[in-house]
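J.: Under our numbering, the first residue of the sequence shown carries the number 683, and numbering increases by one thereafter.
In this text, a Cβ means the ideal position worked out from N, Cα and C, and glycines have one as well.
If you're wondering where the values come from, they're calculated on a predicted model, not measured in any experiment.
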Amino acid sequence: MLKDIPLTQKKDRIRTIVITIAAIVLFVVSVNLLNLDMVTFISRFEQSGEVVKHFLALDTSDVGEVFAQLLLSLSMAIASLFLGAIISFILACLGADNISPLPFLSAVIKGVMSVIRAIPSLVWILMIVASLGFGSMAGIIGMMFPTVGYLTKSFISSIEEVPIQVIETMKSTGANWFQLIQEGILPNVSKSFLNWLAIRVEGNVAESISLGMVGAGGIGTLLTRAISSYNYGRITFIVLTIFCTMFAVEMLVTRAKKAI
683 MLKDIPLTQK
693 KDRIRTIVIT
703 IAAIVLFVVS
713 VNLLNLDMVT
723 FISRFEQSGE
733 VVKHFLALDT
743 SDVGEVFAQL
753 LLSLSMAIAS
763 LFLGAIISFI
773 LACLGADNIS
783 PLPFLSAVIK
793 GVMSVIRAIP
803 SLVWILMIVA
813 SLGFGSMAGI
823 IGMMFPTVGY
833 LTKSFISSIE
843 EVPIQVIETM
853 KSTGANWFQL
863 IQEGILPNVS
873 KSFLNWLAIR
883 VEGNVAESIS
893 LGMVGAGGIG
903 TLLTRAISSY
913 NYGRITFIVL
923 TIFCTMFAVE
933 MLVTRAKKAI
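1. Check each candidate in Glu842, Gly899, Gly866 and Val844 and name the one with the smallest Cα separation from Lys853.
2. Under 8 Å: do the segment 906-918 and the segment 767-776 share three or more Cβ pairs, one atom per stretch?
3. Does the distance from the C-beta atom of Pro828 to that of Ile791 stay below 8 Å?
4. Have a look at Ser712 and Val721 and give me their C-alpha separation to the nearest angstrom.
5. Out of Val871, Ala759 and Pro785, point me to the one whose CA is closest to Ile823's CA.
6. Are three or more beta carbon pairs between the segment 880-898 and the segment 748-758 nearer than 8 Å?
7. Under 8 Å by Cβ, that's how I've got Gly899 and Ser818 pegged, so tell me the actual separation to the nearest angstrom.
8. Which whole-angstrom value describes the C-beta separation of Met795 and Lys835, a residue pair presumed to lie in contact below a C-beta threshold of 8 Å?
9. Let's test the definition: count the other Cβ atoms within 10 Å of the Cβ of Thr702 and tell me whether it reaches 16, buried, or not, exposed.
10. Mind checking Gly793: buried by the 16 CB within 10 Å criterion, or exposed?
11. Pop quiz: Glu842 and Ala778 are said to be a contact at Cβ under 8 Å. What is the actual Cβ separation, rounded to whole angstroms?
12. Just tell me which of Ser839, Ser813 and Asn913 has its CA closest to the CA of Ile781.
13. Quick check on the burial criterion: 16 or more other C-beta atoms within 10 angstroms. Buried or exposed for Ala750?
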């Protein structure tokens, strides 16, 4: 047994060396493929002090517009969450194995939700913008897809955790499908549903801000304009506003989950 220890340690050492060398080689190859101009980078880095000064000079000349667009982003997040939650609840009731009225429908819904979750939110919003044009409606519909994908999967998992005894008892009393959901499922999953919704609020707010940068409207659009015009002071003010908003949302979500 003791004789095997040095051999094992030697194998681990060799494996570590091989992995380290492979990682270094991959890094060098990646840098070469990117054609990074380190001389230009270093020369520009020397000017970073001046750039930082510009960033620290906050531009609060358009405070009203910034907060108006922030409110628009939050409104899109809430609207997409509300509509997505309704659709997700219906799909979850149809897609949960233990209560689905049609077994094949459960597999179809789960498969479609997997595809929706696999496609990034940015791709959804770009497709919607190409179809409907720029604006808040494109943002709401674009965020609904990932919202429905996330909530439907989460709701289904909560419904499928309901004890089979509850479902069988309801069925034995002659309850129909709607009564089963109302009297047997909802009382058992309401808290977990609220938890999922609280978690998704934070994600929707973050997405509504970032998706504004690709034409969905909101504070993200203002940030894009500030970046394109090199208005460093306004960039800093918008970023600080976003940071404070996300911090407040996270605190509210944390308290909401504790209250639930």
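T.: So, from the listed chains and residues:
1. A check of alpha carbon separations from Lys853 across Glu842, Gly899, Gly866 and Val844 identifies Gly866 as the nearest.
2. The segment 767-776 and the segment 906-918 do not touch, with fewer than three beta-carbon pairs separated by less than 8 Å.
3. Cβ distance not < 8 Å, so Pro828 and Ile791 don't count as in contact.
4. Approximately 18 Å between the Cα atoms of the pair.
5. It is Ala759 whose Cα lies nearest to the Cα of Ile823.
6. A contact exists between the segment 880-898 and the segment 748-758.
7. Yes, Gly899 and Ser818 are in contact; Cβ-Cβ is about 5 Å, under 8 Å.
8. Indeed, because the Cβ distance is near 5 Å, the residues count as touching under 8 Å.
9. Its Cβ having fewer than 16 others within 10 Å, Thr702 is exposed.
10. Flag for Gly793 reads exposed.
11. The distance from the Cβ of Glu842 to that of Ala778 is about 5 Å, consistent with a contact at the 8 Å cut-off.
12. Measuring C-alpha to C-alpha distances from Ile781 to each of Ser839, Ser813 and Asn913 identifies Ser839 as the nearest.
13. By the Cβ-count criterion, Ala750 is exposed, with fewer than 16 other Cβ atoms from all chains shown falling within 10 Å of its own Cβ.
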